Every structure is written in C-alpha cells, then in structure tokens.
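Residue numbering for the sequence shown follows numbering that gives the first Met the number 0, beginning at 0 and increasing consecutively.
Backbone N, C-alpha and C fix where the C-beta goes; we use that ideal spot for every residue, glycine too.
Bear in mind that the values here come from a model prediction, so they are computed numbers and not experimental data.
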Amino acid sequence: MTKFNLIATSAFGLESVVASELRELGFNDLQTENARVMFTGDITDIVKCNLWLRCADRLLLNMSEFNAYDFEELFQGALAVRWEDIIPENGKMHIVGKSVKSKLYSVPDCQSIVKKAVVEAMKRKYKREKFTEDGPVYKIEVALLRDKVTLTIDTSGAGLHKRGYAETRVEAPLRETLAAALIKLSRWEPSRTFVDPMCGSGTIPIEAALIGKNIAPGLNRNFVSETWSIIPKKVWKKARLEAEQSVKDIPLSIYAADMDKKSFRQARENAEKAGLTDDIIFEKKPLQEFSSAKKFGCIICNPPYGERLGTKKEAENLYRDMGKVFSELDSWSFFILTSHQDFQKYFGREATKNRKLYNGNIKCYLYQYFGALPKQEKTGL
Ligand SMILES: C[S@@+](CC[C@H](N)C(=O)[O-])C[C@H]1O[C@@H](n2cnc3c(N)ncnc32)[C@H](O)[C@@H]1O
C-alpha cells in the first residue's frame, strides 16, 4: 500500500502528548517539531488517526517540503508534486496559505501560484484545460516558514476537536483536544473516581468518559477524506465497526458540577448528545460544598482565570477556597489549568510539577499535584 508522509498538528505544548497517542496507535517513526508530529502511514492509518487521535488538531498529508526564494521556485516545487494521484478530475482545489519570516510574504500570491501549479499537474493526467471543481474538497495549504515551503492536504475537514457533542457552548469552554490532553497527563485510570467541580459545558468529564469507555473521539462525526476516492468506503466502514466493537461497557465514577445553572444544563445536554448520560453524575453545586469519602480520586479543572470570566480578585478567592476544599482529600490528585501567575500562592500549596500549555492563545500553566496511587496501579498489576 502507498505510504504517505503524515502530520498530526497540535496546540503548542501538546506535541509530546500527541506523540504518545501515536505510539499507542502503533506508530514509531515519529518526528516531533513545534506544534506538529510527523510520521508515515497508509490509507488505513489516515482513517485510524482521524477516528482515534484525541489530542491532535488535524491530520495532514505532507505532499512536499522545499525551499523557495521566488515565485518560480515555488511554482516548480508545487508542480513537481503528483497532485493528480490524489485529486480526482472534479476535485475542489481549495488553497489556503501562511507565510512567516520568508521572502515570499504575499500569501494571496503564493496561493494563486500554487493553484496554477496544481491545475497544471491535473492537466497532465486528465488532458483538459478547465476543471469543474464541483466534487470533494481538497484543502491544500502552502505554508512558508523562513523560506521553507510545506505543502499539505487536510484529511480531517472540521478540526479534530469537533467530536459532534458540543454545538452550542457556554462562555470560555475548553477545547476537547486540550481537555483530553489534561486527562492523559493526569494518568487517571477509569477505575478511579474522577471529578470536575467547575465543569462549565462539561468538556473535561465528557472527555474522561470517552477515554474511560474507550470510545473513539471521531466515532460520531465525519471527515473530509471520507469523500475521497483514494480511500475506499469499505476502509472507513471497517474502521468504524472496529471502533464500535472496542467500546468498553464498564462502570465509571465520574462526577461533574458547576454553580451556574446555564453551564450545568449545557453540560448535561452535551453529555446526552455524546451518549454518556448514565456515565457522569451532574450536580448544580458550588465547589465550596464539595467533599468526598472516596480514596485516590482525581480532580481536573479549569477554573475562571479572572480574565474572560469574573475579576482577578474573585478568581483569587476561589483558589483559596479550592485550597481548603482539596486539602480534605488527602489521597487525591489535582490538576488545575489557569493563566493566573500566582495560583499556587492562593491555593496554598506548591505543585509537584507545572507545565506550560496554551488555552487558545492564553498562556496557562497546568498545576499538577500528584497524590497517592492505589496499590495495583503502583505495581502495574
Ligand atoms: C472556565 S469555565 C470552565 C469551562 C469548562 N472547562 C468547559 O469546557 O466548558 C469555569 C467554570 O467555573 C464555574 N465556577 C466558578 N466558580 C465556581 C464555584 N465556586 N463553584 C462551582 N463552579 C464555579 C463557572 O460557572 C464556569 O462554568
């Protein structure tokens, strides 16, 4: 089977999480760069990655990389690519672009040069002058970084964070891909209690339930490459069937709360859309009233930062309350994502580890407080 050069793009800071997901999916030839992981795979891998990657933004075909300092070099580099092996006669060639610190800085010009080259390549095979472009979409990106051109085709369509369960959102929701990454980083296991006491639209607990039940994040959505002729329909059908058969029917102990009525309703609606109503217990309740007699629980939350929601002072008072409430949970682990620089001061404890992550373009830290682990997890039995 033809091998493709593939790129899983990610948010800054999540590259190693995406690389670890790819290793779990069986890929070993990984090369990690800023905001992307490169590897190789065939058409079944394109399908597998789109269906199963929880933390990546998109899956791209890497068609070519070369240096270009003028339009002729860009044109010749793009013309050398066998676009016609991927794009059918009626394919819609949608070109997008970006340019950073490069001689060729006019993005619209780069896009039209690449379009011209792709059309010329199509003429080689289809022997016609004009193309109707009324078929499946092929979104081609021409990306220049310090004069290096990367030409890609997007296989995902809508970003992979779109799982299909959260169409309407409350204020400041977390991206599903980031929520899934927080859970991966926490080393939470489905046998342990999981809590998000400030769940907003429910993204973190819903992602935890998807992970807990081994539900493929892409099971309830479509991908642009499902319309492509290079991937036979039966490949998608088989992968979807296998994903359906991999769902684990296991009991989960996931609890989500928010004091805001609208958020609480939204979270429940989203869980219902994701088919997880029976897997998450929702409550409309303030964090200050949270307590649990359970052991080895795991809290992952994204409280207000005092930037988009509420004031800084309110956020600081909330962090103090979190410190008090969480201090009663002695065997638990806590993971808190916030952009507030002095979070630890108000929370009252230094984190075991901090990790810089971006929530959209807000620089945040994930404060990680690792608690004790139940015996069998420690020994790996
Ligand atoms: C940044 S949002 C969380 C977004 C969420 N992760 C999502 O993906 O939708 C913070 C949430 O904390 C809630 N919140 C703030 N103070 C709270 C408190 N004292 N108790 C419970 N919830 C609180 C807000 O209502 C808001 O929904």
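Here's the rule I'm using: 16 or more other beta-carbon atoms within 10 Å means buried, otherwise exposed. How should F11 be labelled? exposed
Measuring alpha carbon to alpha carbon, tell me which of A242, K237 and K147 ends up nearest W51. A242
Contact under 9 Å by Cβ, G322 with A266: no
Please classify M0 as buried or exposed, where buried requires at least 16 other C-beta atoms within 10 Å of its C-beta. exposed
Starting from the C-beta of L185, find all residues in its chain whose C-beta is less than 7 Å away, skip the five residues before and the five after it, and write them out in chain order. Sequence check: residue 185 is Ser here, not Leu. Result list for S185: C297, I299, S332 and F334, in chain order.
In this structure, what does DSSP give as the bridge partners for H93? K138
State the DSSP-derived secondary structure class of D153, mapped to helix, strand or coil. strand
Check for me: the alpha helix (DSSP H) holding R264 runs from which residue to which? K260 to K272
When DSSP labels each residue in this structure, what does S111 get in the three-state scheme? helix
Can you name the start and end residues of the beta strand (DSSP E) that V194 belongs to? F193 to D195
Can you give me the Cβ contacts of Y68 inside the same chain, cut-off strictly under 7 Å, excluding the 5 residues immediately before and after it? K102 and D146
Here's a check: name, in chain order, each residue in its chain whose Cβ is nearer than 7 Å to the Cβ of K284, leaving out the five neighbours to either side. A256 and M258
Less than 9 Å between the beta carbons of Q343 and Y366, yes or no? yes
Nearest-angstrom Cβ-Cβ length linking I230 and A207, presumed shorter than 8 Å: With 8 Å as the limit, I230 and A207 do not qualify as a contact, their Cβ atoms being about 31 Å apart.
Helix, strand or coil for E14 per DSSP? helix
In whole angstroms, give me the CA-to-CA distance for L173 and T202. 7 Å
Among T337, S291 and G370, which has the Cα closest to the Cα of P303? T337
Could you tell me whether any non-hydrogen atom of ligand 1 is closer than 8 Å to the CB of E170? yes
Would the beta-carbon of I203 be found less than 8 Å away from any heavy atom of ligand 1? yes
Count the other C-beta atoms from every protein chain shown that fall within 10 angstroms of the C-beta of G379, then say buried if there are 16 or more, exposed otherwise. Low per-residue confidence applies at G379: pLDDT is 43, beneath 50, and the placement is therefore not dependable, though the value from the model is reported in the following sentence. With fewer than 16 Cβ atoms within 10 Å of its Cβ, G379 is classed as exposed.
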